[in-house]
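If you're matching positions, the sequence shown starts at 194 in my numbering and goes up one per residue. For every residue, glycine included, the Cβ atom is placed at its ideal position computed from N, Cα and C. What follows is one structure encoded as structure tokens, with my remarks underneath.
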Amino acid sequence: MKQFLILIGTVAVVVGLVVSGFTLRQVHQQQASMTDDLQRRTALLADSFKEAVRQPYLANATSTLQNTLNKFAGRERFLLGLAVYDSNGELYAASAGLPQDLVSDLKIPGKAMDSDLGFGDFISVNKNKVYVYATPLRQDKNAVGAVVVYQRADYINSAIRDIWQANLMRMLVQGLLFSLAAVLILRWIIYQPVMRMAEAIRQARTGLPAGESAVYTSHGFFKPIAAEISKMSQSLILARTAASEEARLRLEKLDSPWTAERLKEFFKAYFKDRKIFVVSNREPYIHQENKNGIHAVVPPSGMVTALEPIIESCGGLWLAHGSGNADRQAVDSDDKVRVPPDDPKYTLKRIWLSEKEIKGHYAGFSNEALWPLCHLAHTRPIFRKEDWAEYRKVNGKFARALLAEIKNVQRPIVLIQDYHFALLPAMIKKSRPDADVGLFWHIPWPNAESFSICPWRKEILDGMLGADLVGFHTQQYCNNFLETVGKEIESLADLERFAITRNGHSAYIKPFPISVAFDNSRSDNDSAKPALPERFGIKTKYLGIGVDRLDYTKGILERLRGIEFFFDMHPAYRREFTFLQIAPPSREAVAKYRQFNAEVTAEAERINRKFETDGWKPVVLVKEQFSHEEIYPLYRAADVCLVTSLSDGMNLVAKEFAVARRDEAGVLVLSQFTGASRDLKDALIVNPYSAEETAEALHKALTMPEFEQHRRMKKMREAVKNYNIYRWAAEFLKALTSLG
Ligand code: F6P
């Protein structure tokens, strides 16, 4: 649109300049010719009149002179009048009706007599332009008076005005016609072919709709480009077909790594036309508005990486709470938006929650009750009746929305994510027994004794057991869950198949350790140690890193105490080692999280005050969210990464650190209370409650020989590569649909 306006503006300016140029020239010529004509006619008139008045004037026959003047004055259309001046330049006689202003104090007759020649000039009287011409009256070759002719000259100005008006009108019409023509030309000859080219390139990139040809044709200027696009498109299709065939062949080979492509092929091959529906509280894309406009932001979560390839390959639907400040502006009338925004492949349906619902469901029951209940981090859960009511209400709201979406879908696959939706599986399964419903619990499951304090434990377990498959990160959490069910409700447990049957429905309980994408294609230069951003002000030889949401389960305070103990025990490392803690604030609606944020700051400051010297501080605390692209260089700059969670379902930071270390250097210190410690056995495993153990592990990491670092890191990387996020998703789907 902007381009079209610029084009119309440019055409209008050019037409304006051209027409104005021509008009100026025409006006100039017209004015010159009309003035010349007037002057000539007036001189002739004055001469002919001069003969007629000489006699009466010289004879001083005033009444004859007056009659002659009056008679001549009526002869011409533009003639205003005539006058005779005496040798002193004083008015002698004037034709009737000549305005007084014109005849009094007139210098022109004097000038004509002085020069003894005809003399004329334009004067303005009462805003009217008049041409006054005087010619001398002679007696014996001496000028004894002057005859003066007054001609109207206004018609010259009117003619010039008419020319301007006509030309301006012409300019307007021409400007409009030229602009219209330019817009049409731009649209037909440039815009439409360019749009078709862009669409052809997009299809080449994303894959052609079924049955469409990759041949793109165009005429005129774009013909050579069209030919190139066709060739490129065909090569891409060939390459994609080859990659997809290769991925399909690899499906059966267990030793080859899982990729997004392989996951897509797996889904297409085994699930054919079945549709996937994902439900999570956090959305995969959040529309945020700031001073630069509206942007879709991807929240940092492994879940999106894992589930997108499968939902994309079947064009499924993702249901989530719309929490972005511009979310409502991005959706259609059905609260849906196609995502990813750059290349839409599936639908995100946003569910709107009121302040009361968010407070009770998300902040309250999910994060003040279930979160501390499942994480054994010694934070007491808060069970409020009103939070539980909102939790049930929101689960019901999501259930209704999902049931409406799957109404006409046969055997839908429903993947429910996390502890925000414990009641949803049973709600769905009750109305749609044909649906395959999977629930993945992304946080730990505590032992039966700990869980038994929850007042609504039976409803929660019943809700979860509505699923066909309940997934946890580790076998330990599965065992805990089975034990909890056995303790709390009447059911039949099949310990061989790990299934629980209640009211005729069986739910399978299985471990699926979530992971990260193992991306080997990063193009950044891995050999050099990346420089840290200046603003961190870190200049020491050794660097330690911690990356956690500001959550009390992450053991950040214990980690800081371990670092303090390390400096107490090994003073030689003062000014040699800095610990960088990246800690984006989280769940700030919950008081415990705000309090924890303040405690971490105070603890970092206390330790810094204790050891800081010569501009060096042992702890650099950065409370910001970093993208993957920003965090990977920091991982690679570090000598050691500290993950000291007090309780953690998996902990993906530990796995991301291994993925980032393509140089196979660096040491991971990992809490024994993370799910990741089951997969990354070559980390230095610690009990984070012991500051001594953390400090010793840190010392061991900083003094570890390179070959030892390589040996450990290589094995950790192998473990992540072998069981990456795509395999996690595939294993879950296989188990859910009884393929496994
Ligand atoms: O670990 C559970 C989890 O829900 C993750 O899936 C998520 O990345 C994290 O907690 C943060 O959750 P939120 O900010 O949505 O409360």
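Residue range of the beta strand (DSSP E) that Ala519 falls in?
That residue, Ala519, is in no beta strand (DSSP E); it is neither H nor E in DSSP.
Which ranges does the alpha helix (DSSP H) cover as unbroken runs of at least 4 residues, wholly within the stretch 893-924, from first to last along the chain?
Scanning the stretch 893-924 for uninterrupted alpha helix (DSSP H) segments of 4 residues or longer gives 899-915, listed from N- to C-terminal end.
Contact set for Gly933: own chain, Cβ-Cβ below 6 Å, skip 5 residues either direction
For Gly933, the pLDDT reaches just 39, beneath the cut-off of 50, and the residue's location in the model is therefore unreliable, leaving the point undetermined.
Please state whether the Cβ-Cβ distance between Val587 and His554 is less than 9 Å.
With respect to the 9 Å criterion, Val587 and His554 are classified as neighbours on the basis of their beta carbons.
Could you tell me the distance, in whole angstroms, from the CA atom of Trp634 to the CA atom of Leu566?
Whole-angstrom Cα-Cα distance: 13 Å.
His821 beta carbon near the ligand F6P (any heavy atom closer than 8 Å)
Outside the cutoff, so no.
Spatial neighbours of Val709 within its chain, please: C-beta separation below 8 Å, excluding the five flanking residues on both sides.
Result list for Val709: Gly495, Thr498, Leu845, Lys848, Glu849, Val852, Val913, Asn917, Ile918, in chain order.
Taking Pro826 as part of the alpha helix (DSSP H), name the residues at either end of that continuous run.
Following the DSSP letters along the chain, one finds Pro826 inside the alpha helix (DSSP H) bounded by residues 821-830.
Ignoring anything shorter than 3 residues, give me the beta strand (DSSP E) runs that lie fully in the stretch 731-786, in order along the chain.
Under the rule that a run must span 3 or more residues, the beta strand (DSSP E) segments found entirely inside the stretch 731-786 read 735-740, 770-775.
Between the C-alpha atoms of Ala205 and Ser372, what's the straight-line distance to the nearest angstrom?
Separation of Ala205 and Ser372 (C-alpha to C-alpha, rounded to the nearest whole angstrom) is 7 Å.
Is Gly557 helix, strand or coil by DSSP?
Of the three classes helix, strand and coil, the one that applies to Gly557 here is helix, per DSSP.
Would you tell me roughly how many angstroms separate the C-alpha atoms of Thr550 and Ser516, rounded to the nearest one?
The sequence as given places Glu at residue 550; Thr does not occur at that position. The straight-line gap separating the alpha-carbon atoms of Glu550 and Ser516 is approximately 12 Å.
Tell me the DSSP bridge mates of His698?
His698 is bridged to Arg695.
Note down, in chain order, each residue of its chain lying with its Cβ closer than 7 Å to the Cβ of Phe760, except the 5 sequence neighbours on either side.
Taking C-beta separations shorter than 7 Å and ignoring five residues to either side along the sequence, the partners of Phe760 in its chain run Tyr766, Arg767, Phe804, Pro811, following chain order.
Can you tell me the Cα-Cα spacing of Val212 and Gln259, whole angstroms?
The alpha-carbon atoms of Val212 and Gln259 are separated by roughly 51 Å.
With DSSP as the reference, identify every bridge partner of His488, one or two as the case may be.
DSSP output for His488 lists Gln481 as bridge partner(s).
Determine the burial state of Gly868: buried for a count of at least 16 other Cβ atoms within 10 Å of its Cβ, exposed for fewer.
Buried: at least 16 other Cβ atoms inside 10 Å.
Applying the 10 Å Cβ sphere with the 16-neighbour rule, what's the burial state of Met906?
Met906 counts as buried, since at least 16 other C-beta atoms from the protein chains shown sit within 10 angstroms of its C-beta.
Lys243 and Thr328 - do their beta-carbons sit closer together than 9 Å?
Yes, the pair counts as a contact, with Cβ atoms nearer than the cut-off.
Where Leu937 falls: helix, strand or coil (DSSP)
With the chain covering 194 to 933 only, the question about residue 937 has no answer from this structure.
Looking at Phe459 and Arg876, is the spacing between their C-beta atoms short of 9 Å?
According to the sequence as given, residue 876 is Ala; it is not Arg. Taking 9 Å as the cut-off, the beta carbon of Ala876 is found no closer than this to the beta carbon of Phe459.
Taking the alpha carbon of Gly589 as the reference point, which residue from Pro574, Val602, Met620 has its own alpha carbon closest?
Answer by Cα proximity: Met620.
So is Arg854 buried or exposed if we call it buried at 16+ other beta carbons inside 10 Å?
Its Cβ being crowded by 16 or more others within 10 Å, Arg854 is buried.
Heavy atom of the ligand F6P less than 8 Å from the Cβ of Asn588, yes or no?
Every heavy atom of the ligand F6P is 8 Å or more from the Cβ of Asn588, so no.
Heavy atom of the ligand F6P within 8 Å of Gly748 beta-carbon:
Not so, every heavy atom of the ligand F6P lies at least 8 Å from the Cβ.
Work out the CA separation of Asp580 and Leu675 for me, nearest whole Å.
Straight-line Cα distance between these residues: approximately 26 Å.
Between Tyr539, Val340, Ile469, which lies nearest to Gln248 when the distance is taken from Cα to Cα?
Ranking Tyr539, Val340, Ile469 by Cα distance to Gln248 puts Val340 first.
State the Cα-Cα distance for the pair Gly274 and Asn350, rounded to the nearest angstrom.
C-alpha separation (whole angstroms): 20 Å.
Compute the minimum distance between the beta carbon of Arg742 and the heavy atoms of the ligand F6P, and state whether it is under 8 Å.
Arg742 has its Cβ nearer than 8 Å to a heavy atom of the ligand F6P.
Segment limits, beta strand (DSSP E) that includes Asp807
Run containing Asp807: none; DSSP gives neither H nor E here.
Limits of the unbroken beta strand (DSSP E) element including Tyr278
Looking at the DSSP string, the run of the beta strand (DSSP E) that includes Tyr278 is 272-279.
Buried versus exposed call for Val325 [16 or more other C-beta atoms within 10 Å across all chains shown]
With at least 16 other beta carbons inside 10 angstroms of its own, Val325 counts as buried.
Near the ligand F6P, which residues have their beta-carbon less than 5 Å from any of its heavy atoms, given in chain order?
Answer in sequence order: Arg475, Ser494, His635.
Under a three-way DSSP split, which group does Trp634 fall into?
In the structure shown, Trp634 adopts coil according to DSSP, grouped into three states.
Please classify Lys424 as buried or exposed, where buried requires at least 16 other C-beta atoms within 10 Å of its C-beta.
Lys424 should be labelled exposed.
Check for me: the alpha helix (DSSP H) holding Gln219 runs from which residue to which?
195-251 is the span of the alpha helix (DSSP H), which, as asked, contains Gln219.
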